[in-house]
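Note sheet for the following structure.
Numbering (the UniProt record's numbering), first residue to last: 1 to 448.
And the structure:
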């Protein structure tokens with residue numbers, strides 16, 4: 001392609017390079033235009049600025065904007081400012097985005113809907129305690145300037161309200177949306193569900209969410225999963241089962257949320273119905289493991305075994321681990337022992353999750369004699385802590401001291417790791433709760 005000769009040709013090429021995310025070439029062309037003695041117009045500078053903003057080169061876009069403001073022969077409009085506000089926001093520089101909006105006002109240029117929408121979106125990208133307050137301030141200014149908020153601004157404030165848990169503000173926004181006849185989308189619905197996830201707000205959130213659906217709002221799977229989870233917190237297992245019947249292909253999260261709602265309300269038959277509904281009657285190892293995981297949380301080892309036998313799925317290691325953990329958390333060590341030996345029957349390799357769950361099952365009744373049978377198999381700190389806790393509870397001081405002497409690598413790490421163990425874990429196992437107890441037992445044995 002021949003080199004451009006006129007300002008119009010330069011403008012066209014600079015804009016094209018920007019749309020192709022070739023921002024550096026746009027800047028070179030803009031500089032070449034000036035070097036050839038041509039006058040860079042508002043369109044020329046705005047095209048280069050837009051190229052930098054799109055590529056999230058906020059430093060370059062800010063420099064171009066400053067030059068544009070200082071140029072005496074040019075009278076900028078809101079378009080280049082909007083590009084910078086948006087570019088800074090996408091780069092996580094929400095403060096610069098907000099400052100650019102203020103410069104726009106001080107320049108005597110009226111902000112547009114795009115200006116406020118970009119600034120609102122930028123603010124919500126910042127991790128701030130008062131994000132929703134800043135967003136609400138901008139939202140109020142839009143009304144004061146007689147700018148009717150569009151869906152972009154509305155969703156930005158809604159997302160800020162959701163992150164901060166401001167469910168009352170979110171419900172008020174839904175009222176505004178109804179008055180303005182905004183066609184809410186999946187982003188709106190997701191923000192609404194997220195904001196109303198507390199126990200005191202899920203009912204109001206569900207009413208508004210259903211209203212949005214009736215108005216034609218698109219529903220995605222992430223949104224549906226959150227709704228089912230919120231309903232489950234209110235122990236409304238029947239609503240969870242109803243939502244599961246929506247015309248979406250449920251995933252593991254959908255299944256787990258529905259099962260948790262039913263299990264928390266002790267509706268075991270409904271839980272099994274939900275499982276069959278979500279899986280279409282075809283059970284996979286992953287889906288069965290999800291079912292057993294829900295029953296583990298409800299400590300229903302009998303139902304776990306009944307479900308496993310009914311579904312007739314050849315179990316894998318995660319599946320059997322759920323059986324062992326369920327029995328252990330239900331304080332039923334004989335069944336946990338049966339589940340553990342199932343690994344050997346199925347010729348599955350025993351891992352630390354199953355072993356530690358079995359060891360934890362012996363603790364409530366102080367079955368230290370049974371624990372001794374598995375001492376040689378312990379490989380991690382959790383297993384060590386289970387044994388140490390059991391010895392401490394059974395007043396087996398000499399055995400506890402011997403354990404400490406013959407576990408040098410773990411002995412020095414036990415207190416440090418126990419104190420640093422997180423209070424919440426992604427997957428809770430019976431052994432997790434014994435780390436702190438083992439630390440106390442170890443310290444007591446040493447001091448004694």
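Every residue, glycine too, gets a C-beta built ideally from N, C-alpha and C.
Source: prediction; values computed, not measured.
Endpoints, the alpha helix (DSSP H) within which residue i is located
| i | result |
| --- | --- |
| residue 6 | Segment: none, residue 6 is in no alpha helix (DSSP H) and carries neither H nor E. |
| residue 80 | 78–90 |
| residue 133 | 131–144 |
| residue 106 | 94–106 |
| residue 346 | Segment: none, residue 346 is in no alpha helix (DSSP H) and carries neither H nor E. |
| residue 109 | From DSSP, residue 109 is part of no alpha helix (DSSP H); its letter is neither H nor E. |
Between the CA atoms of residue j and residue i - distance to the nearest angstrom
| i | j | result |
| --- | --- | --- |
| residue 192 | residue 158 | 7 Å |
| residue 194 | residue 84 | 30 Å |
| residue 401 | residue 163 | 50 Å |
| residue 111 | residue 21 | 26 Å |
| residue 347 | residue 340 | 12 Å |
| residue 169 | residue 353 | 44 Å |
| residue 349 | residue 343 | 7 Å |
| residue 102 | residue 108 | 10 Å |
| residue 187 | residue 19 | 26 Å |
| residue 322 | residue 386 | 18 Å |
| residue 118 | residue 93 | 12 Å |
| residue 4 | residue 23 | 17 Å |
| residue 142 | residue 124 | 16 Å |
| residue 212 | residue 58 | 37 Å |
| residue 160 | residue 89 | 14 Å |
| residue 60 | residue 7 | 21 Å |
| residue 178 | residue 66 | 41 Å |
| residue 380 | residue 372 | 16 Å |
| residue 26 | residue 55 | 11 Å |
| residue 77 | residue 197 | 42 Å |
| residue 52 | residue 144 | 32 Å |
| residue 133 | residue 382 | 44 Å |
| residue 409 | residue 97 | Low confidence applies to residue 409: its pLDDT is 48, below 50, so where it sits in the model is not reliable enough to give any reading. |
| residue 180 | residue 147 | 12 Å |
| residue 411 | residue 377 | With a pLDDT of 45 at residue 411, under the threshold of 50, the modelled position of this residue cannot be trusted, and the question is left open. |
| residue 17 | residue 64 | 16 Å |
| residue 397 | residue 391 | 7 Å |
| residue 13 | residue 140 | 40 Å |
| residue 356 | residue 165 | 37 Å |
| residue 11 | residue 150 | 31 Å |
| residue 174 | residue 208 | 7 Å |
| residue 184 | residue 206 | 15 Å |
| residue 29 | residue 49 | 12 Å |
| residue 154 | residue 116 | 11 Å |
Assigned secondary structure, residue i (DSSP; H/G/I helix, E/B strand, else coil)
| i | result |
| --- | --- |
| residue 380 | coil |
| residue 20 | coil |
| residue 217 | coil |
| residue 398 | helix |
| residue 166 | coil |
| residue 176 | helix |
| residue 10 | helix |
| residue 374 | coil |
| residue 424 | The pLDDT assigned to residue 424 is 35, lower than 50, so where the model puts this residue is not dependable; a value taken from the coordinates is nonetheless given after this. Residue 424 falls in the coil class under three-state DSSP. |
| residue 15 | helix |
| residue 444 | Legend: pLDDT at residue 444 = 49, less than 50; position of this residue unreliable, value from coordinates given subsequently. Correct three-state label for residue 444: helix. |
| residue 183 | coil |
| residue 149 | coil |
| residue 196 | coil |
| residue 125 | coil |
| residue 190 | helix |
Heavy atom of the ligand GTP within 8 Å of residue i beta-carbon
| i | result |
| --- | --- |
| residue 38 | You won't find the ligand GTP in this model; it holds no ligand whatsoever. |
Short CB-CB distance (under 9 Å) between residue i and chain D
| i | result |
| --- | --- |
| residue 158 | Chain labels in this structure do not include chain D; a single protein chain is all it has. |
If we require 4 or more residues per run, which alpha helix (DSSP H) segments fall completely within the segment 31–75?
The alpha helix (DSSP H) runs of length 4 or more contained entirely in the segment 31–75 are, from start to end of the chain, 42–54, 58–70.
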